[in-house]
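Asks:
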Amino acid sequence: MSALDELRRLRRSGTAVRKRDNKAAFWFLAPWFAGLLFVTIGPVAASFGLGFTKYNLIQPPKFIGLDNFGRIFTDERLHNALGVTFTYVLVSVPLQLAFALGVAMLLDRGLRGLAFYRSAFYLPSLLGSSVAIAVLWTQIFGAEGMVNRVLALFGIQGKGWISDPDTALSTLIVLNVWTFGAPMIIFLAGLRQIPAVYYEAAAIDGVGRWSRFRHITLPLLSPIIFFNLVLQIIHAFQSFTQAFVVSGGTGGPSDSTMFYTLYLYQQGFSRFDMGYASALAWFLLLIIGAFTAINFWAARFWVFYDD
Amino acid sequence: MLTQVIRRAVWPVLLSLTATLMVACSSGSGADGELSTEPVTLRFTWWGADDRHKRTQQVIELFQKQHPNITVRGEFKEWNGYWDSLATTVAANDAPDIIQMDELYLASYAERGALLDLNEARKHLDTSGFDGKALATGAIDGKQYALPVGLAAYSVVVNTDLLAKYGVALPDDTKWTWEDLRKAGEQVSKAGGGTVWGIQSWGFNDAGGLHVWARQAGSALFDDQGKVVVPPKVLQDYWTYLLDIAKAGTAPPPPVTVEKASAGLNQSATATNTAAFAMWWNTQLTALTAASGAKLKLLRLPGEAQAKAPAAYYKPSMFWSVSSRTKHPAEAAAFVNFLANNEEAAKVLLTERGVPANEKTRAAITGQLKETDKAAADFLGTLPVSDPPRVTPNGASTIEAILKRHTENVLFGRATPEQTAAAFIKELQSEVDSAR
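Note that the protein sequences, when read in sequence, are chains A and B.
Quick note: the first sequence uses the working numbering, first residue 7, plus one each step.
Quick note: the second sequence uses the working numbering, first residue 661, plus one each step.
(1) Can you list, in chain order, the residues of its chain whose CB lies under 7 Å from that of R842(B), leaving out five sequence neighbours each side?
(2) For a contact meaning CB atoms closer than 8 Å, what does D919(B) contact in chain A?
(3) With 16 other CB atoms within 10 Å as the buried threshold, where does E12(A) fall?
(4) Within 8 Å of any Cβ in chain A, is that where the Cβ of A967(B) sits?
(5) Please classify Y61(A): does DSSP put it in a helix, a strand, or coil?
(6) Note the first and the last residue of the continuous alpha helix (DSSP H) segment covering W288(A).
(7) Hey, L226(A) and I200(A): beta-carbon distance below 8 Å or not?
(8) Quick one: is M152(A) buried, meaning 16 or more other Cβ sit within 10 Å of its Cβ, or exposed?
(9) Go ahead and pull the three-state DSSP assignment for K843(B).
(10) Ordered along the chain, which non-local residues of its own chain (more than five positions away) have a Cβ less than 8 Å from that of Q102(A)?
(11) Please check if any C-beta of chain B sits within less than 8 Å of the C-beta of R277(A).
(12) Grouping DSSP H, G and I as helix and E and B as strand, with all else coil, what is Y805(B)?
(13) Per DSSP, what kind of secondary structure is P229(A) in: helix, strand or coil?
(14) Give me the subset of the region 739–751 of chain B whose CB atoms are less than 9 Å from a CB atom of chain A, sorted by chain position.
(15) To be precise: take each residue of the region 254–267 of chain A, compare its Cβ to all Cβ atoms of chain B, and keep it if any distance is under 7 Å. Which residues remain?
(16) With a threshold of 8 Å on Cβ separation, who are the neighbours of Q717(B) within its own chain once the five nearest residues in sequence on each side are excluded?
(17) By Cβ distance, which residues of its chain are closer than 7 Å to L117(A), with the 5 residues on each side in sequence left out?
(18) What is the rounded straight-line gap between the Cα of A971(B) and the Cα of L895(B)?
(19) Taking Cβ-Cβ distances shorter than 8 Å, what residues in chain A pair up with E1068(B)?
(20) Determine, using beta carbons only, whether T615(B) comes closer than 8 Å to chain A.
(21) With H, G and I counted as helix, E and B as strand and the rest as coil, what does DSSP make of A938(B)?
(22) Buried or exposed, going by whether 16 or more other CB atoms sit within 10 Å of the CB of L159(A)?
(23) Across which residues does DSSP place A812(B) in a beta bridge pair?
(24) With the cut-off set at 8 Å, would you say L775(B) and V982(B) are in Cβ contact?
(25) Taking N62(A) as the query, report the chain B residues whose CB atoms sit under 7 Å from its CB, ordered along the chain.
(26) So Q65(A) contacts chain B; which residues on that side make the cut at Cβ distance below 7 Å?
(27) Using the DSSP secondary-structure output, state which residues sit across from L959(B) in a beta bridge.
(28) If you compare alpha carbons, which of A951(B), H784(B), T900(B), A877(B) is closest to P891(B)?
(29) I want to see whether chain A comes within less than 8 Å of A1082(B), judged by CB atoms only; does it?
(30) According to DSSP, is E1091(B) part of a helix, a strand, or is it coil?
(31) How close, in whole Å, do the beta carbons of G693(B) and A1006(B) come, if the pair is a contact with beta carbons under 8 Å?
(32) Give a yes or no on whether the C-beta atoms belonging to R95(A) and F302(A) are separated by under 8 Å.
(33) Take the Cβ of H988(B) as the centre, count every other Cβ of all protein chains shown within 10 Å, and call the residue buried at 16 or more, exposed below.
(34) In the DSSP assignment, the alpha helix (DSSP H) including W836(B) goes from what residue to what residue?
(35) Would a C-beta distance cut-off of 8 Å place L764(B) and A867(B) closer than the cut-off?
(36) Among the candidates I64(A), L175(A), V203(A), whose CA atom is the shortest distance from the CA of G274(A)?
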């Protein structure tokens, strides 16, 4: 009897402690909640409303119905921006993932100093979307930049890669591929999860390297590839800094680096048409949502879950 | 349980937020009030190159010596980043108190209510040194939203060192045609061997050149109502000229041109001595000379002698404006007054922002001018001009970005000059219309 009482007493004090803990936790989280509410959810909700208005940032918004959304279908520069963005996403993401997987497999062979290499390869991911790197990029790919100096050693006359509309987007794709660190780390973790017995069994059966990769690594890694694919596609759609800095905020030359987000920004902050910019933001959400949905649907045909 | 906690937390959070807002709103006073004796911090923003930053900082220090309780914090940028930054700070209700304003954006900011009517601050701001016509360039619908700083005119800057080096004769700018410019440029390019070119291509950050081109053809970019009236054929000729000099190698290859155009004054072809002729505002001569170290000379634009009336005009090089949401309108006006009227300040600034529009200060500094400043002032004084074009209509502030993109389309062969002319007019007109 007394033991039961004791237990009850303990339990009761336990809930009191838990209650107090919860309260403390809430107060520690409060700044984050406030941030979420005022800096994220509030503006997101407001932008939905603004999408139906004409709003020049200073005077009060004017309701104009669906005009902004209608404009999306007739705006030729937007269609060009969509083309640029799709090219960027569809080329740079697969390249980046292939690169990340390749490097992860190299590192997975148990190199000495693995931790060092892992960090070194991860570094660009931390820096990649920063202004400093974008500035560096304009130096590397400028008319008198590093790339052209190296080419000159081989007697090749380079050009201003960033200031030529035919190559400007490619330099941004290279920049994105270079920031392969985050998916690489995830691939590396995934590769470690694949039981060695499969490879041993395959080796005994005399299976070649390519077949081992094709029939063991790829299927077992497919959930990880899928995860990286979804994440990087969303990430690539939202790229902004690189294009902004490299083109000096113009999306040029000739709109060749005009990412969707940059176009959206220009509508809001150069043309002071925040209503249209808000509508564009919601349209981008739809696009990313559609891409992600297609991804999840297609995953049924190629992603293999081992459990 | 969480909802309960949130419900309990909501009120304190809201109350504290309201309190901070109320504190923030209550500290201002009117533009005609007395100057504060409490410490005041003003933010002052301008665009420009190194030379301007140094001079402006000196003037700020002079002002602070006179008003020990006022601190002026300078925020300066290159032209390209300046307008992005101003747009975002104004939108975030965090506009600098004193704003260096340009004719391109004046209507846009004034008509959206972002600028203070300086007439309200007359108590602290003396405008008696300004000609009525000059003041009018900063007024819209009778409200003085901006005070003109200096006057400037569009010109060709020629590197006479390069001409001498390659044995090219200096053209006579009282008679020369666009064809003469092209020929002189060709000679330089031929002698320059692929590293120095004759002409730095224009058509990027360059609404001035476009105005002049349209006016030489007897037209104008905008009419008084803000309608785009320049005939397509005139613009087609403009881009054909640019395309021809690029193709012939008289101007650098398009990628080099584009790179230089977006890199700012100090990396321009003129500043790096890689082009002999280029279009600039006459007041940029001093900054360009400082950057290039070469002998530079101002020439009148080609084609002026052949035009029916001079296409050149005095453009207010820039304006001083005060944010309509400043918390210290009186102090901000006092600072603008210092910039516009103080003799000591004028002697530091000289003509770097243009030949002073304020006639009193102009007279005060004539004896002080350096060689390049004097050359800029003389150029302006002797230049035949007509009335300036109307202020850039609200909505057309992005004209330079539009122009740049269309010029790139032409140079990179993405559109013909003819297609470009039609597309440019259509786009510019729709920008003006959509801001209405």
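Glycine included, each C-beta is placed from N, C-alpha and C at the ideal position.
Small disclaimer: the values here were computed from a predicted structure and weren't measured.
Replies: On the basis of the data shown:
(1) I905, T910
(2) It is Glu, not Asp, that sits at residue 919(B) in the sequence shown. Going along chain A in sequence order, the residues near E919(B) (Cβ under 8 Å) are G148, A149, G166, I168, S169.
(3) exposed
(4) no
(5) coil
(6) 280–308
(7) yes
(8) exposed
(9) helix
(10) N182, V183, T185, F186, P189, Q238
(11) yes
(12) coil
(13) helix
(14) N740, G741, W743, D744, A747, T748, V750, A751
(15) G254, G255, T256, G258, P259, S260, D261
(16) G734
(17) Y123
(18) 15 Å
(19) P171, G258, P259, S260
(20) This structure gives no information on residue 615(B), because the portion of chain B shown stretches from 661 to 1096.
(21) strand
(22) exposed
(23) K975(B)
(24) yes
(25) R772
(26) R772, G773
(27) V816(B)
(28) A877(B)
(29) no
(30) helix
(31) No, G693(B) and A1006(B) are not in contact; Cβ-Cβ is about 27 Å, not under 8 Å.
(32) It should be pointed out that residue 95(A) corresponds to Val in this sequence rather than to Arg. The answer is no: Cβ separation not under 8 Å.
(33) buried
(34) From DSSP, W836(B) is part of no alpha helix (DSSP H); its letter is neither H nor E.
(35) yes
(36) I64(A)
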